[in-house]
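Numbering (full-length UniProt numbering), first residue to last: 1 to 402. Have a look at the structure below before the remarks.
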């Protein structure tokens, strides 16, 4: 299969699978990661992600590309964040019912997620121009998943708080999830914590046909996908419980389908599949931050492979393979996911975040949406070098996931 050498944004038919189309978006930087897709009001697709030298380094910025409705080429990426003192990560693009476009992303110092804040920029002209960046939340708050707007107009923004033990570097095991709730179109927000969510992040909230809200979580313990439900528009949440669905301490995302089923894209792997592990996500970045030229410090420790072991209670497990990239389908509101189809396969090596030397081979951080024509659209990190995009036609989807 072709790779980053054809990262030109052109959408091409898959050579062997009818109804599957794919492209590699143009790569504006050495590393490109954490895409989020949005269906824009005129039928375009928007994709935001972060790119730079390496995650956690201060030259990481947010990038934006769009695919015209019916078009076959993603636009050249446009840089949407410009803080040279922080690593700007995990963007999401939200089209507000008012017509405004919101760009939300995190901004942190030197590989320390517990220093993160969530920032907001707004466009009043469909992304042609953007207003100034402002801090929406601070205190180690991270985002990853889209905003949900309920029929009442309430906005729900899932977040997670990155918590470091006193005197220790952040490692992820103490992180907790919450929902930020706004009943005044985003003017103000209040936080609703999810009980029992320590070690569970990337809370992905979507409404179900029965009026409940389903949340799925990534697990820092790299054991399983977790599930929680709200029956009161996000005012309270059940304590998350594990599903019979593995998770590798990497991102997941699901979307309701027009026929009532749920489509989840994730890595079908866990700590049980790991032969080695890392110390932390940022163990290649020196404690004092990046060097003056934006690269990790020369004496920064390399990723530290160690024999894999089951994570201890409360500990985060880093290094489980980030592959295969899998599409799973539920017909019972997310309780079971019996239908599974691998979209992309590989060894998923992620013991390093090094993109410059091509050492990372993860297929990760998927985003998935369905357009009114029934097509499924998926974007994901391809080896931390490019963002890969898939379009699956209704015919393909019906044949493969029915």
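Glycine residues also receive a C-beta, built at the ideal position from the N, C-alpha and C atoms.
Quiz item: Helix, strand or coil: how does DSSP classify residue 318 here?
Solution: strand
Quiz item: When the Cα atoms are used, what is the spatial distance from residue 191 to residue 94?
Solution: 19 Å
Quiz item: Is the beta carbon of residue 19 sitting closer than 7 Å to the one on residue 74?
Solution: no
Exercise. Give me the Cα-Cα distance between residue 114 and residue 36, rounded to the nearest whole angstrom.
Key: 22 Å
Practice problem: Return helix, strand or coil for residue 187, following the three-state DSSP convention. | Solution: coil
Quiz prompt | For residue 33 and residue 380, the rounded distance between their alpha carbons | solution = 8 Å
Quiz item: Which word fits residue 388, buried or exposed, when buried means at least 16 other C-beta atoms lie within 10 angstroms of its C-beta?
Solution: buried
Practice problem: Could you check if residue 48 is buried or exposed, using at least 16 other CB atoms within 10 Å of its CB as the buried criterion? | Solution: buried
Quiz item: How long is the line joining the alpha carbons of residue 92 and residue 15, rounded to whole angstroms?
Solution: 31 Å
Exercise. Within 10 angstroms of the Cβ of residue 184, are there 16 or more other Cβ atoms? Answer buried if so, exposed if not.
Key: exposed
Quiz item: Helix, strand or coil: which one does DSSP assign to residue 342?
Solution: strand
Quiz item: Just how far apart, CA to CA, sit residue 406 and residue 210?
Solution: No statement about residue 406 is possible, as the shown extent of the chain runs from 1 to 402 and does not include it.
Quiz item: What separation, rounded to the nearest whole angstrom, lies between the Cα atoms of residue 242 and residue 218?
Solution: 10 Å
Quiz item: Closest by CA to residue 182, which one among 157, 173 and 315?
Solution: 157
Quiz item: In terms of residues, what are the limits of the beta strand (DSSP E) holding residue 118?
Solution: 112 to 123
Practice problem: Kindly confirm or deny that the stretch 323 to 333 and the stretch 252 to 270 touch, where touching means at least three C-beta pairs closer than 8 Å. | Solution: yes
Exercise. Out of 246, 213 and 205, point me to the one whose CA is closest to residue 221's CA.
Key: 246
Quiz item: Which residue comes first and which comes last in the beta strand (DSSP E) that contains residue 218?
Solution: 213 to 219
Quiz prompt | C-beta contact flag for residue 155 and residue 163 at 7 Å | solution = no
Practice problem: Round the Cβ separation of residue 110 and residue 51 to the nearest angstrom and send it over; I've been treating them as touching at under 8 Å. | Solution: That belief does not hold up - the Cβ atoms of residue 110 and residue 51 are roughly 18 Å apart, past 8 Å.
Practice problem: Would you mind sorting residue 383 into buried or exposed? The rule is 16 or more other CB atoms within 10 Å of its CB. | Solution: buried
Self-check item: Where the beta strand (DSSP E) through residue 162 begins and ends
Solution: Neither: residue 162 is in no beta strand (DSSP E) and is coded neither H nor E.
Quiz item: Measuring CA to CA, which of 152, 139 and 167 is closest to residue 160?
Solution: 139
Quiz item: Once you ignore the five residues that flank residue 85 on each side, which residues in its own chain have a CB closer than 7 Å to its CB?
Solution: 58
Quiz prompt | For residue 197 and residue 177, believed in contact at Cβ under 8 Å, the rounded distance | solution = 4 Å
Quiz item: Taking the alpha-carbon positions, what's the residue 342 to residue 327 distance?
Solution: 6 Å
Quiz prompt | 7 Å Cβ cutoff met for residue 421 and residue 214 | solution = This structure does not reach residue 421, given that the chain is present from 1 up to 402, and the question cannot be answered.
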